[in-house]
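See below for the structure under consideration.
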Amino acid sequence: MTTLELDKTYAASVRTYGTIQIRVVVVKPKKKDEPAPSADEQEPIEEGSSPLSSYLERSAHGKQCVVFIINGQRHDALDSNFIARELGFKYLRLRTMIIVDLDGLTHEAISEIVQGSRQGLYEGDVFGAIRARMIATLKGDPDLTRLQTEAEQQISELEAGDEVVRQKLDQLIEAHHSAGSHQNAGAGEAGLKAGEEQGFGPEKRQRVVMEATPDVGAAGTPPVLTIDPDVSRIRLRSGIERSLVIAASPNGHWSRLDGIQVRVQPAIEELSVNEKRGADSLELRMSFTEPEGFDQDEYPLVTSLQVVGRFKGFDDARVIEREIVISRKPGLPPPPPPPPVLRQNPTFLRVVSRQPVKLAAGGASTHVRLRWDGDDSLTGGSAPSWSLRARCLSMGTFPSIGFSQPKDGKFELLLDTPHGLIPNQQLDFEVEAVGPAGQRLVATFSGQVIETPPAPEPRRTAAKVPETASQRRPPYELKVVHESEWDTGTCWGTQAWTKDDVAAFTEPTDSTPLTLIINADAEELKVYRESLLKRSLDVATIQERMTRYTAHVAFHLYQMYRFRKERQEAQSADEGLRVPGEDEMRLEIARVATTLIRLMEVSR
Amino acid sequence: MTSVKPTEIKDGERFFRAAVSATSSKTIRDLVASLPVVAENEYSFHESDPERGWREGSFHWYPVGRDLGNAGRIKLAGAPENPIAERTINAMEALMEMERHRELKTRPGTLAPQSPREAVKRYFDLPPLDVLPRWPQPIRGQKAFDYARDLARRVRIRLVRETRPVEYAVIVEDDGIGQAPGRMHATLLSLGRSDKPDKPYLIGVFGQGGSSAYAASDYSWIMSRRFPDLLEGERDGIGWTVIKKIFPAGRRDVYWAYLAAHPDGRVPVLGVAAADKSGFRHGTRIAHVKYNFGPTEPARTLYQSLNHLIFNPVLPYELYTRPAPSTPDPMWGNGYRLSRLKAEQKDLDKTFEPQPVEKKVEVEQ
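Chains U and B supply the protein sequences, listed in that same order. Here the working numbering = 1-based position in the first sequence + 7. Here the working numbering = 1-based position in the second sequence + 361.
Laid out in structure tokens, this is it:
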């Protein structure tokens with residue numbers, strides 16, 4: 008029996024405004040040139056850019072994808088910023104609809120918010136409480152989290168090539184400006200104690216050195232551990248191995264490494280991390296294998312990788328930490344399991360979330376997954392025959408516990424853990440389904456209070472960053488135009504693209520940066536790409552050639568822009584100076600592209 | 362005031378035919394010109410003495426809601442589609458109100474439904490439309506969808522496009538309870554004088570939302586006939602009037618006025634014979650003519666807009682946007698449309714049971 012050590016009591020003096028019902032619908036992403044999803048092909052709908060277009064009022068009224076309805080009538084709406092910013096599901100914002108039914112509010116609450124014009128709810132206490140409830144219910148929703156993670160994964164895979172190009176281009180530009188070293192050195196080291204082999208003891212809070220931006224901690228000194236590729240988050244796909252290399256910076260310090268430990272916390276049994284130590288680095292091969300009967304709803308699995316190293320002569324451990332996000336296998340999702348047998352007289356109810364359930368005090372609602380074999384209609388409709396209820400056995404004043412509607416026998420209960428509970432406290436819960444003849448199905452589970460990190464807020468601090476006024480590399484945007492977009496009028500500002508236009512730039516304005524545009528379907532590039540394919544080169548080689556081409560052409564564009572700008576400035580003092588015209592620049596960049604392709608041909 | 366006789370419309374049957382086909386500003390002006398109407402600047406309404414200046418035998422422009430300052434309560438819409446949604450809601454309420462009155466007539470003292478959803482369940486056996494696609498049982502002997510589709514025919518929204526010049530009319534029709542001609546001025550043509558707050562089974566509260574459509578159109582006309590069994594002593598027939606905007610010289614704002622047949626505000630009446638011959642049995646028809654849709658093409662946008670504005674309607678209805686003869690689009694709301702999407706078209710469709718809304722959750726030491 009768990010003994011509680013509460014030092015606070017929960018005050019139930021809460022002003023209640025009634026209830027709201029929340030429905031969230033996420034439609035599938037719309038593929039290019041595919042019509043928006045519609046239940047009826049005969050519907051007179053307007054096609055739009057997003058899969059939700061036909062479910063919004065009309066584009067001129069914004070993306071009103073969060074609607075508040077009373078007696079079926081819309082009284083207010085929020086746009087997709089709510090989904091992106093308040094709920095944190097940025098990549099779902101264009102295909103998510105949230106319907107908030109306010110019919111369960113008290114008459115007093117409704118009278119406070121409803122306006123005669125029906126064009127907006129009064130944004131006072133009641134509306135604030137509604138928003139808070141929406142955020143609490145949806146922010147931690149495991150299904151939305153899973154979909155967001157999958158979307159992130161897809162985007163990270165799609166944009167990898169672009170990012171490589173950008174990195175390459177940045178390098179070229181920085182090199183062009185002969186940028187100096189960025190290394191920040193600092194004090195805080197204990198000094199050399201060469202020759203002592205150091206091991207790893209029990210976990211304790213201690214000073215460590217890691218590679219980070221200047222706003223993190225105090226300055227440290229090299230060496231540091233590095234990770235390649237240097238990603239902020241390690242994304243793993245089930246069944247696909249991913250390799251990472253841990254090394255020391257500056258080069259040569261690896262030999263002074265006295266000990267290194269790799270940890271995954273919290274541990275995931277099915278995640279394997281194999282270490283292969285080399286002369287100057289440590290390779291980590293990570294893979295996740297689904298166990299038999301693995302529930303796809305479990306994705307994404309989130310944990311973290313921690314690599315701790317000690318270098319001879321340095322007291323402070325060197326650390327690298329990265330979040331690991333594991334998603335389902337790539338490609339189409341696996342076929343859904345056969346539909347469960349659902350009964351009018353259910354026989355079981357069980358909790359399927361991993362226990363102990365983590366309870367974030369004062370944070371978003373914690374969703375606990377449940378399964379039963381009752382028909383979905385048993386708890387729905389105007390007169391449900393079965394009812395669901397749950398209570399906290401350890402704390403009588405725990406806030407009331409809500410449920411989602413069962414779908415295919417799956418549903419969730421929502422725990423709103425109050426502020427003030429002590430981290431690591433364990434709370435026991437009971438959930439029951441009660442039938443019309445007194446049948447009772449019971450399941451229990453335990454939860455553990457976790458420390459909620461303080462919410463981010465604007466903080467004023469000191470950081471070492473380049474002066475904006477003296478920034479050498481101006482901001483730029485790199486775009487790629489395809490044949491289907493040739494008539495967009497973006498070639499040298501306003502013209503249509505042709506097969507002979509290799510690239511162009513658009514000068515910066517008050518609101519847009521310098522834009523470098525590469526024509527991905529320029530004739531010469533297409534021919535070159537075909538020749539690479541014909542030779543059956545591997546994907547990585549083709550990708551590398553394309554990256555090199557794009558980065559160098561973009562870099563040359565960047566130089567052309569600078570040259571033109573300098574000439575324009577100088578022209579005010581010397582009218583005899585000539586500024587290159589668009590035709591000249593068009594020929595120049597075509598010449599560069601041709602030369603580049605020929606060079607790549609001869610250097611293969 | 363009792364000495365003044367209401368002005369009557371002659372040849373009501375012919376007039377009815379002309380009135381229902383008045384869907385352009387020109388046809389309305391012609392229709393009004395065919396009547397003995399006192400020019401708008403020749404009668405000035407005085408609330409305390411509306412008979413002053415009244416010319417017996419003529420129709421007069423009479424302020425909606427008996428209020429020359431009614432613009433503030435009419436100009437409420439920020440977008441063209443909103444007043445149409447309000448009118449549609451009113452039409453649904455007319456169906457519910459009819460069933461409630463019939464219930465009271467057969468079972469006096471029956472407690473009223475406590476919400477519009479409860480009323481729809483009690484009177485029409487209809488579940489919320491967003492669950493209709495999954496509704497397994499037949500309703501009143503019909504497949505649930507077929508039953509609901511039939512029900513939708515009782516409220517009709519028609520978009521009429523006139524071509525010379527191009528202008529639109531929006532007509533909202535319901536086969537609901539209707540109003541007796543002698544009560545129209547106190548109900549349909551009132552502003553804010555509503556008993557809706559006492560009727561928990563109705564949707565609206567303020568009793569003036571539909572009037573915002575006057576501001577969106579150059580002319581409106583209303584005709585209504587009470588359900589015959591529910592006249593409750595009132596005279597049968599079709600009440601009819603036209604509403605338009607008046608900008609009197611010397612005033613800073615407009616007001617909306619309707620054609621009245623009597624100084625107490627009563628509207629012109631088409632008698633029982635004309636009503637019976639017209640085939641108009643009961644309900645209300647409201648047309649808003651030369652409707653100001655702005656730059657949008659309503660035939661393309663109205664379907665989407667109304668499905669969003671009336672997201673999960675308590676009752677289905679029909680929308681006619683194509684030239685006659687045409688088939689209407691049944692309107693179920695976006696809640697229904699999203700439910701109808703196939704599983705492979707959605708990544709998620711999840712509903713949370715009612716969640717408590719509270720001002721603050723605190724833990725005190």
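Glycine included, C-beta positions come from ideal geometry on N, C-alpha and C. Quick caveat, the model's predicted, so the values are computed rather than measured.
Partners in chain U for residue i, counting only beta-carbon separations shorter than 9 Å
i      : result
B:F608 : Ordered by position in chain U, no residue passes the 9 Å Cβ test against B:F608, which lies about 23 Å from the chain.
B:V531 : What B:V531 touches in chain U: nothing, since even the nearest Cβ is about 16 Å away.
B:H727 : Nothing can be reported for residue 727 of chain B: it is not among the residues displayed for chain B, which extend from 362 to 726.
Bounding residues of the beta strand (DSSP E) (the contiguous stretch that carries residue i)
i      : result
U:V107 : 103 to 108
B:P444 : Note, B:P444: premise wrong, no beta strand (DSSP E); alpha helix (DSSP H) at 442 to 467.
U:M293 : 288 to 295
U:G617 : This structure cannot speak to residue 617 of chain U, because chain U is shown only from 8 to 611.
U:K283 : 278 to 284
U:L145 : Element bounds for U:L145: not the beta strand (DSSP E) but the alpha helix (DSSP H), 132 to 146.
U:V326 : 324 to 334
B:K560 : No beta strand (DSSP E) holds B:K560; DSSP gives it neither H nor E.
B:V603 : 599 to 607
Residue burial classification, residue i (beta-carbon count within 10 angstroms, cutoff 16)
i      : result
U:G202 : Low per-residue confidence applies at U:G202: pLDDT is 33, beneath 50, and the placement is therefore not dependable, though the value from the model is reported in the following sentence. By the 10 Å Cβ count, U:G202 comes out exposed.
U:P520 : exposed
B:S395 : exposed
B:G470 : exposed
B:F608 : exposed
B:S585 : buried
B:Q498 : exposed
U:E582 : exposed
U:D590 : exposed
U:A194 : In this prediction, U:A194 scores a pLDDT of 31, lower than 50, which makes its location untrustworthy; the coordinate-derived value is nonetheless stated afterwards. Classification for U:A194: exposed.
U:Q71  : buried
Chain B contact for residue i (CB, 9 Å cutoff)
i      : result
U:G25  : yes
U:P83  : This sequence places Asp at residue 83 of chain U; Pro is not what is there. U:D83 does not count as touching chain B.
U:N78  : yes
U:F89  : no
U:T152 : no
U:S401 : no
U:F436 : no
U:K414 : yes
U:I137 : yes
U:S407 : yes
U:Q455 : no
Chain B residues whose Cβ lies nearer than 7 Å to that of residue i
i      : result
U:Q306 : Here the sequence assigns Tyr to residue 306 of chain U, which means Gln is not the residue at that position. Chain B residues near U:Y306: none, gap ~13 Å exceeds 7 Å.
U:P334 : Correcting the residue type first, residue 334 of chain U is Ser in the shown sequence and not Pro. The contacting residues do not exist; U:S334 stays about 14 Å from chain B at best.
Neighbour list for residue i in chain B, Cβ cutoff strictly below 9 Å
i      : result
U:K37  : The contacting residues do not exist; U:K37 stays about 10 Å from chain B at best.
U:R30  : D491, G696, L699, D710, K711, T712, F713
U:T144 : F713, Q716
Chain U contact for residue i (CB, 9 Å cutoff)
i      : result
B:P499 : no
B:T368 : no
B:K560 : no
B:L702 : yes
B:R698 : yes
B:K557 : no
B:V381 : no
Terminal residues of the alpha helix (DSSP H) in which residue i lies
i      : result
B:N695 : 695 to 701
B:T524 : It is not in any alpha helix (DSSP H) - B:T524 instead sits in the beta strand (DSSP E) that spans 516 to 524.
B:Q665 : 659 to 670
beta-carbon residue i near the ligand ADP non-hydrogen atom, thresh 8 Å
i      : result
B:K504 : Ligands displayed in this structure: none; no statement on the ligand ADP is therefore possible.
Proximal chain B residues relative to residue i, where beta-carbon distance stays under 8 Å
i      : result
U:L112 : V718
Amino acids of chain U, ordered along the chain, whose beta-carbon sits closer than 8 Å to that of residue i
i      : result
B:G694 : G79
B:Q540 : Chain U residues near B:Q540: none, gap ~22 Å exceeds 8 Å.
Closer than 8 Å is the cut-off here; do at least three beta carbon pairs connect the region 269 to 283 of chain U with the region 224 to 237 of chain U? By the criterion of at least three beta-carbon pairs nearer than 8 Å, the region 269 to 283 of chain U is not in contact with the region 224 to 237 of chain U.
Three Cβ pairs or more, each shorter than 8 Å: is that satisfied between the region 83 to 96 of chain U and the region 134 to 149 of chain U? The way I'd put it, the region 83 to 96 of chain U does touch the region 134 to 149 of chain U; three or more beta-carbon pairs between them come closer than 8 Å.
Three-pair Cβ contact test at 8 Å for the region 435 to 444 of chain B versus the region 653 to 663 of chain B: Segments in contact, yes.
Three or more C-beta pairs closer than 8 Å, one from the region 663 to 670 of chain B and one from the region 606 to 626 of chain B: is that the case here? Under the Cβ criterion (8 Å, minimum of three pairs), the region 663 to 670 of chain B does not count as touching the region 606 to 626 of chain B.
Using 8 Å as the threshold, is the region 679 to 693 of chain B in touch with the region 385 to 403 of chain U, meaning 3 or more CB pairs across them? They do not touch, by the three-pair rule.
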